[in-house]
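One structure is given here, and the rest of the page talks about it.
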Amino acid sequence: MAIRNDGVRIALVAALVILAAACNGRDMRSSSAMPTDLSPEGVKAADNFLWLEDVDGERALAWVKEQNDKTAAVLEADPRYQAFKQEALDVLTAKDRIPAPGFRDGGIDNFWQDESHVRGLWRHTSRESYMSDAPTWETVLDIDALARDEGANWIWKGVDCLEPQESRCLVSLSDGGKDAVVVREYDVATGAFVDGGFNLPEGKHRVAWLDADTLLIATDFGGNSLTESGYPFVVKSLKRGQTLDQATEVYRGDARDGGYGVSPAVYRDGSGRVLSVIITRPLDTFRSETWELVEGKPVKLNLPERVSVQGMTSDRLVFTIEEPWGGREPGDLLAVKPSMLRKVAEDVGGDAVVFAPGDRQTVDEVRVFDDRIVAAIYDNVRGQVVVFRDAGDGVWRQDILPVPANSSVHLGALSRSSGELFYSYEGFLEPPTLALAEIQTSHADIVKQSPARFIAASDIVEQFEATSGDGTKIPYFVARPVDAPADGSTPTLLYGYGGFLVSKPAVYLPEMGKLWLERGGAYVIANIRGGGEFGPDWHQAALKENRQRAFDDFAAVAKDLVHRGITSPDHLAIYGRSNGGVLTSVTLTQHPELIGGAVIESPLVDMLRYQDLPPGASWIGEYGDPRIPEEASYIAAYSGYQNIRPDMNYPEVYITTNTHDDRVHPGHARKFAARLQAYGYPALYFEETNGGHSNDADPILNAQRWARHYVYLARRLGLKAE
Numbered sequence: 001m002a003i004r005n006d007g008v009r010i011a012l013v014a015a016l017v018i019l020a021a022a023c024n025g026r027d028m029r030s031s032s033a034m035p036t037d038l039s040p041e042g043v044k045a046a047d048n049f050l051w052l053e054d055v056d057g058e059r060a061l062a063w064v065k066e067q068n069d070k071t072a073a074v075l076e077a078d079p080r081y082q083a084f085k086q087e088a089l090d091v092l093t094a095k096d097r098i099p100a101p102g103f104r105d106g107g108i109d110n111f112w113q114d115e116s117h118v119r120g121l122w123r124h125t126s127r128e129s130y131m132s133d134a135p136t137w138e139t140v141l142d143i144d145a146l147a148r149d150e151g152a153n154w155i156w157k158g159v160d161c162l163e164p165q166e167s168r169c170l171v172s173l174s175d176g177g178k179d180a181v182v183v184r185e186y187d188v189a190t191g192a193f194v195d196g197g198f199n200l201p202e203g204k205h206r207v208a209w210l211d212a213d214t215l216l217i218a219t220d221f222g223g224n225s226l227t228e229s230g231y232p233f234v235v236k237s238l239k240r241g242q243t244l245d246q247a248t249e250v251y252r253g254d255a256r257d258g259g260y261g262v263s264p265a266v267y268r269d270g271s272g273r274v275l276s277v278i279i280t281r282p283l284d285t286f287r288s289e290t291w292e293l294v295e296g297k298p299v300k301l302n303l304p305e306r307v308s309v310q311g312m313t314s315d316r317l318v319f320t321i322e323e324p325w326g327g328r329e330p331g332d333l334l335a336v337k338p339s340m341l342r343k344v345a346e347d348v349g350g351d352a353v354v355f356a357p358g359d360r361q362t363v364d365e366v367r368v369f370d371d372r373i374v375a376a377i378y379d380n381v382r383g384q385v386v387v388f389r390d391a392g393d394g395v396w397r398q399d400i401l402p403v404p405a406n407s408s409v410h411l412g413a414l415s416r417s418s419g420e421l422f423y424s425y426e427g428f429l430e431p432p433t434l435a436l437a438e439i440q441t442s443h444a445d446i447v448k449q450s451p452a453r454f455i456a457a458s459d460i461v462e463q464f465e466a467t468s469g470d471g472t473k474i475p476y477f478v479a480r481p482v483d484a485p486a487d488g489s490t491p492t493l494l495y496g497y498g499g500f501l502v503s504k505p506a507v508y509l510p511e512m513g514k515l516w517l518e519r520g521g522a523y524v525i526a527n528i529r530g531g532g533e534f535g536p537d538w539h540q541a542a543l544k545e546n547r548q549r550a551f552d553d554f555a556a557v558a559k560d561l562v563h564r565g566i567t568s569p570d571h572l573a574i575y576g577r578s579n580g581g582v583l584t585s586v587t588l589t590q591h592p593e594l595i596g597g598a599v600i601e602s603p604l605v606d607m608l609r610y611q612d613l614p615p616g617a618s619w620i621g622e623y624g625d626p627r628i629p630e631e632a633s634y635i636a637a638y639s640g641y642q643n644i645r646p647d648m649n650y651p652e653v654y655i656t657t658n659t660h661d662d663r664v665h666p667g668h669a670r671k672f673a674a675r676l677q678a679y680g681y682p683a684l685y686f687e688e689t690n691g692g693h694s695n696d697a698d699p700i701l702n703a704q705r706w707a708r709h710y711v712y713l714a715r716r717l718g719l720k721a722e
């Protein structure tokens with residue numbers, strides 16, 4: 001409860017706040033902490049918590065330790081914490097979970113973590129063994145042993161093996177879970193890193209094998225080679241034995257480029273033959289130029305700026321468009337010969353259209369084979385897997401792979417040489433099933449099925465629609481006990497994201513089901529604008545000056561849940577992370593009357609300074625640029641950090657992040673918690689000192705993370721005790 005119920009304390013806190021504000025050129029006797037000068041200098045001058053942006057600063061880390069101790073004393077001392085932690089750990093390290101497969105060298109690779117292998121094992125088995133109930137695995141690389149031997153905090157970030165032999169591989173390792181990685185060449189045949197092989201220092205690299213002795217790489221080459229977001233804009237060819245400063249430049253963007261950095265991609269057919277080399281130069285978060293290396297020289301392709309290149313068949317570049325182009329509409333899946341794209345494209349022709357989604361459809365994921373294209377298609381946020389084949393008459397025929405109704409689908413690893421694809425499907429209450437498809441025949445067999453991780457016999461899933469402020473219908477899913485009373489008493493967790501064209505279908509969340517649904521709670525996913533559930537238009541409807549639509553959609557879902565009697569404000573909490581942290585912090589400041597709590601994780605919160613907190617400037621295409629006065633004005637209208645008011649009744653919130661998150665700066669979360677606390681509001685804060693944005697460093701730490709989340713939620717919403 002806010003401090004306004006204690007008059008004496010209010011007066012004292014208000015006096016201190018006014019005094020502190022005056023020292024920072026800001027009068028906080030106004031309705032919020034909003035600076036009167038929205039220029040970057042004015043915003044900075046008005047911020048009395050800038051010192052918390054110093055990630056490893058002594059004062060900042062001392063504050064973090066104090067906050068962690070206070071929060072642990074509340075959440076980890078709760079009698080539910082140990083049970084929640086163990087249940088989450090059991091889920092995350094279950095021996096019978098499906099090993100995620102990847103094709104390599106005629107067999108199957110997998111990366112595996114459990115209690116005995118916290119950092120994980122890269123391992124391999126035969127196809128026949130993988131299909132059995134008890135595969136026999138051979139360790140390729142033990143990350144726990146590697147970290148121990150090298151005295152390093154290595155976290156696995158993936159591997160890229162050169163086709164078709166797939167014996168030389170580029171292993172990416174992160175120090176503590178950051179996005180930045182070192183890249184080292186590994187020889188699977190010898191089971192060792194290659195002496196004198198490719199070895200890239202820590203950076204946010206974009207790397208592709210060109211041949212056995214050549215990499216195409218975009219990275220920090222020193223000097224003027226990074227954008228203001230810290231991403232590369234230069235691509236070079238690196239020969240075996242060369243140092244980075246000896247590499248040969250093949251493409252150069254500009255230091256003013258936005259997005260996530262220039263990126264090379266080498267597309268090969270099933271035999272390993274190079275089909276095309278494509279370089280994507282991002283102009284901002286969503287606009288880009290597409291170039292092809294032709295005889296070693298970059299040639300610009302006449303593609304739209306809002307495009308996503310998906311791959312290449314034996315002769316056609318496959319892509320989806322996010323804006324009208326060539327007589328086609330946003331969301332269309334197209335396939336065009338690169339030679340045609342080197343010309344001015346006014347009309348690509350009907351035979352280029354692989355699939356044109358309807359109003360409530362979207363192309364979510366795509367996999368490309370030599371003569372087939374596979375796509376995950378969603379219709380009203382329900383998925384199916386479609387195989388497209390060119391019949392030679394200008395029409396792409398469709399074959400549907402087996403997927404149960406009302407499922408979420410995911411396309412996994414593919415083998416172009418064998419024409420096979422792993423895909424999976426799941427639902428809120430249905431654990432994942434893994435299938436293997438033969439693309440030529442469109443035949444699929446179930447390979448593995450995950451056991452249920454929670455008891456769901458008494459739960460149901462429903463899909464409803466809420467009406468947003470402008471009349472738009474917003475779908476949302478609810479998973480809840482079938483006998484939950486319609487009196488608003490059900491503890492309910494509402495999740496949302498609403499950004500970056502990311503779709504959020506109903507998926508199986510074992511830790512949520514075990515810790516929340518089994519104890520009588522309800523879980524909701526809101527498919528708000530800004531996401532990709534209904535294609536590019538659904539996303540672009542909430543960009544920049546229209547961002548408030550996403551927040552209004554989320555509030556509309558919260559109100560609709562109450563209207564239907566599913567829950568009530570006292571029993572409703574919200575959860576969001578990363579871009580979802582924008583959503584949850586704004587919901588707190590704009591609609592505290594709708595919620596009884598919030599988990600705000602790894603959030604973007606200070607939207608008037610996000611461009612100065614690396615790598616924030618890469619997202620200007622999504623949110624706008626606060627350095628431009630008119631854009632600062634509409635961002636200021638919602639920015640959670642500056643819109644905290646001293647006279648509101650905010651519920652207790654739980655804010656959490658990671659110290660070494662190099663995707664969303666921890667300063668956002670730190671400052672938001674500090675300002676709430678300065679106003680006297682109850683705000684719990686916890687910062688994990690290991691791991692990055694993905695929370696993939698350690699299943700034990702992840703179990704602790706989920707336990708803190710759900711203990712907080714249980715405390716706030718009155719979830720029934722054991």
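Position 92 of the sequence shown, counting from 1, maps to 92 under our numbering, and the rest follow consecutively. Ideal placement from N, C-alpha and C gives every residue a C-beta, glycine not left out.
How is the alpha helix (DSSP H) around residue 623 delimited, first residue to last? Counted as a single uninterrupted DSSP element, the alpha helix (DSSP H) harbouring residue 623 occupies residues 620-623.
Best match in 101, 50, 32 for proximity to residue 609 [C-alpha to C-alpha]: Considering only alpha carbons, the answer is 50.
I need the DSSP call for residue 240, collapsed to helix, strand or coil. Residue 240: coil per DSSP, three-state reduction.
Would DSSP call residue 551 helix, strand or coil? It is helical.
Residue 510: first and last residue of the uninterrupted beta strand (DSSP E) it sits in: From DSSP, residue 510 is part of no beta strand (DSSP E) but of the alpha helix (DSSP H) over 510-515.
Do residue 95 and residue 114 have their CB atoms nearer than 8 Å? Yes, they are a contact pair.
Roughly how many angstroms separate the alpha carbons of residue 74 and residue 651, rounded to a whole number? Going from the Cα of residue 74 to the Cα of residue 651 covers about 16 Å.
Going by the beta-carbon positions, is the gap between residue 333 and residue 363 smaller than 8 Å? At a Cβ-Cβ threshold of 8 Å, residue 333 and residue 363 count as neighbours.
Alpha helix (DSSP H) containing residue 735: first to last residue? No answer is possible for residue 735: it lies beyond the span of the chain, which begins at 1 and ends at 722.
Would you report the Cα separation of residue 200 and residue 391, rounded to the nearest angstrom? One C-alpha to the other measures close to 45 Å.
Report the option in 566, 568, 635, 615 whose CA atom is closest to the CA atom of residue 583. Checking every option, the nearest Cα to that of residue 583 belongs to 635.
Can you give the Cα-Cα distance for residue 620 and residue 444, rounded to whole angstroms? Whole-angstrom Cα-Cα distance: 42 Å.
In chain order, what residues of the same chain lie with their CB nearer than 6 Å to the CB of residue 552, ignoring the 5 residues before and after it? The answer, listed in chain order, is 468, 469.
What is the C-beta distance between residue 261 and residue 178, in whole angstroms, given that I count them as a contact (C-beta under 8 Å)? Residue 261 to residue 178, Cβ: 15 Å. No contact.
Nearest candidate by alpha-carbon position, reference residue 596, set 633, 528, 489, 616: The shortest C-alpha to C-alpha distance from residue 596 to any of 633, 528, 489, 616 is the one to 489.
Could you name the residues of the same chain whose beta carbon sits closer than 8 Å to that of residue 214, not counting the 5 residues immediately before and after it, in chain order? Cβ neighbours of residue 214 beyond the five flanking positions: 237, 238, 239, 240.
Keeping to the same chain, check which residues put their C-beta closer than 7 Å to that of residue 264; ignore five residues upstream and five downstream. Residues of the same chain with a CB within less than 7 Å of the CB of residue 264, apart from the 5 flanking positions on each side, are 206, 208, 216, 218, 235, 277, 279 in chain order.
With distance defined between alpha-carbon atoms, name the residue in 427, 424, 442, 417 nearest to residue 398. Nearest C-alpha to residue 398: 442.
For residue 164 and residue 271, the rounded distance between their alpha carbons: Distance between the alpha carbons of residue 271 and residue 164 is about 6 Å.
Flag this pair as touching only if the region 59-68 and the region 128-142 have three or more C-beta atom pairs under 8 Å; answer yes or no. Not touching, per the Cβ criterion.
For residue 454 versus residue 514, is the C-beta spacing smaller than 8 Å? Going by C-beta atoms, residue 454 is nearer than 8 Å to residue 514.
Given a cut-off of 8 Å on the beta-carbon distance, is the pair residue 104 and residue 166 in contact? Yes, the Cβ-Cβ distance between residue 104 and residue 166 is below 8 Å.
Delimiting residues of the alpha helix (DSSP H) encompassing residue 658: First-last for residue 658: 653-658, but that is the beta strand (DSSP E), not the alpha helix (DSSP H).
Look at the alpha carbon of residue 194 and the alpha carbon of residue 248, and state the distance between them as a whole number of angstroms. Residue 194 and residue 248: Cα-Cα distance of roughly 22 Å.
Cutoff 7 Å; reference residue 188; Cβ partners in own chain excluding five residues on either side: By the criterion of a C-beta distance shorter than 7 Å, residue 188 is surrounded in its chain by 140, 167, 169, once the five residues flanking it on both sides are discounted.
Local conformation of residue 710 per DSSP, three classes: The answer is helix: DSSP assigns residue 710 an H, G or I state.
Would you be able to state if there are at least three C-beta pairs under 8 Å between the region 627-634 and the region 583-594? No: the two stretches stay apart, fewer than three of their Cβ pairs being nearer than 8 Å.
Just the C-alpha distance for residue 678 and residue 672, rounded to the nearest angstrom, thanks. Going from the Cα of residue 678 to the Cα of residue 672 covers about 10 Å.
Near residue 54, which residues of its chain fall below 6 Å by C-beta distance, leaving aside the five closest residues on each side in sequence? Closer than 6 Å at Cβ, skipping near neighbours: 60.
Quick check on DSSP: helix, strand or coil for residue 500? Coil at residue 500, not helix or strand.
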